[in-house]
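Here's the structure, in structure tokens; my notes come after.
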Amino acid sequence: MLKFTKEFILSPRSTGAIAPSSSELANTITNAANLAMAKTVVEFGSGTGVFTERILQNIGNETVFFALEINPVFVNKTRQRCPDAIVYQDWASNVKKYLEDHGESHCDCIVSGLPWTLFEAAEQNQLLHVISESLRPNGTFVSFTYLGGNLSPGGRRFKNSLPSHFSRISRTKMVWNNLPPAFVYSCTK
Ligand SMILES: C[S@@+](CC[C@H](N)C(=O)[O-])C[C@H]1O[C@@H](n2cnc3c(N)ncnc32)[C@H](O)[C@@H]1O
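Position one of the sequence shown corresponds to residue 494 (my numbering), numbered consecutively onward.
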């Protein structure tokens, strides 16, 4: 928790939160991801590995899984917490290179912990484009947004961009046991 807050103070825009997600939010986002059916799963922005741990508990033994995290401190935290996880220190936008390295052209599911509401318009658009290109037809993209963040300009822009990339979009109920409270968008390509 303290390490996470320190990274927020050092890089507020890319860290995007003052605390790691709660186990309740981890349950909500992994339940929305339909992981049991997925053959290839990617996580963006693993932080301290809260979602990573839950993803590993929910995927099959044969499922290809890796995480992309830009902050080296968080890469190490995720690796310590989840020694079985493959974690690369790189930008989420480079996902296609790592899918190819794993012998995959596409993935079934992307679990995002990225701070979308803080991204500029060009960054949001480029990444949503990469996500939509990387998912198989009927693939799932899940991502959380903090209460209030959805009303910010970046949050509204993110929500309004989703229909251009996905055929079905739903959101979960608010997870109040999280700092700050958050909900999850679940999007099907
Ligand atoms: C809000 S934190 C979420 C961390 C963790 N998933 C959780 O829920 O506790 C966002 C994380 O995304 C990472 N991140 C931000 N932009 C990124 C990018 N473009 N590619 C990969 N990781 C990124 C940050 O370093 C940080 O670990």
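In this text, a Cβ means the ideal position worked out from N, Cα and C, and glycines have one as well. The structure presented is a predicted model; accordingly, all values stated were derived computationally and were not measured.
Is residue i near ligand 1, in the sense that its beta carbon is under 6 Å from a heavy atom of that ligand?
i      : result
Pro608 : yes
Trp584 : yes
Leu561 : yes
Asn564 : yes
Ser514 : yes
Ala510 : yes
Ser627 : no
Phe634 : no
Lys544 : It is Phe, not Lys, that sits at residue 544 in the sequence shown. Result yes, Cβ under 6 Å from ligand 1.
Ser507 : yes
Phe558 : no
Have a look at the DSSP bridge pairing and note the partners of residue i.
i      : result
Gln582 : Glu562
Cys602 : Val534, Thr633
Arg664 : Tyr678
Tyr591 : DSSP lists no partner for Tyr591.
Thr638 : Phe676
Val557 : Thr533
Leu628 : Cys600
Beta-carbon within less than 7 Å of residue i's beta-carbon, same chain only, minus the 5 sequence neighbours each way: which residues are those?
i      : result
Ala531 : Ile552, Thr556, Asp601, Cys602
Leu628 : His599, Cys600, Ile603, Phe634, Lys682
Gly648 : Thr610, Thr638, Gly642
Please name the residue in the options whose C-alpha comes closest to that of residue i.
i      : options                        : result
Asn670 : Ser663, Ile563, Glu597, Thr521 : Thr521
Gln463 : Val543, Ser679, Gly596         : There is no way to answer for residue 463, as the model of the chain reaches only from 494 to 682.
Glu546 : Leu528, Cys575, Asn527, Ala529 : Cys575
Phe659 : Lys499, Pro630, Val677, Leu503 : Pro630
Leu607 : Ser625, Met667, Thr498, Trp584 : Trp584
Ala614 : Ser663, His595, Pro646, Ser625 : Pro646
Asn554 : Ser514, Gly596, Ala578         : Ala578
Tyr581 : Arg506, Gly596, Ile563         : Ile563
Ser539 : Ala512, Gly632, Ala529         : Ala512
Ser516 : Glu500, His595, Gln550         : Gln550
For residue i, which residues from the same chain have a beta carbon less than 8 Å from its beta carbon, with the 5 sequence-adjacent residues on both sides left out?
i      : result
Ser586 : Gln619, Leu620, Val623
Val535 : Phe558, Phe559, Ala560, Leu561, Val588, Tyr591, Leu592, Cys600, Cys602, Ile603, Val604, Ser627
Lys496 : Thr541, Val566, Lys570
Leu655 : Leu621, Ile662, Tyr678, Cys680
Pro674 : Tyr639, Leu640, Met667, Val668
Leaving out five residues before and five after residue i in sequence, what residues of the same chain have Cβ atoms less than 6 Å from its Cβ?
i      : result
Trp609 : Phe651
Ala519 : Val543, Phe544, Arg547
Ser636 : Ser605, Tyr678
Of all the CB atoms in chain C, is at least one closer than 7 Å to the CB of residue i?
i      : result
Pro576 : Absent from the structure: chain C. Only one protein chain is present.
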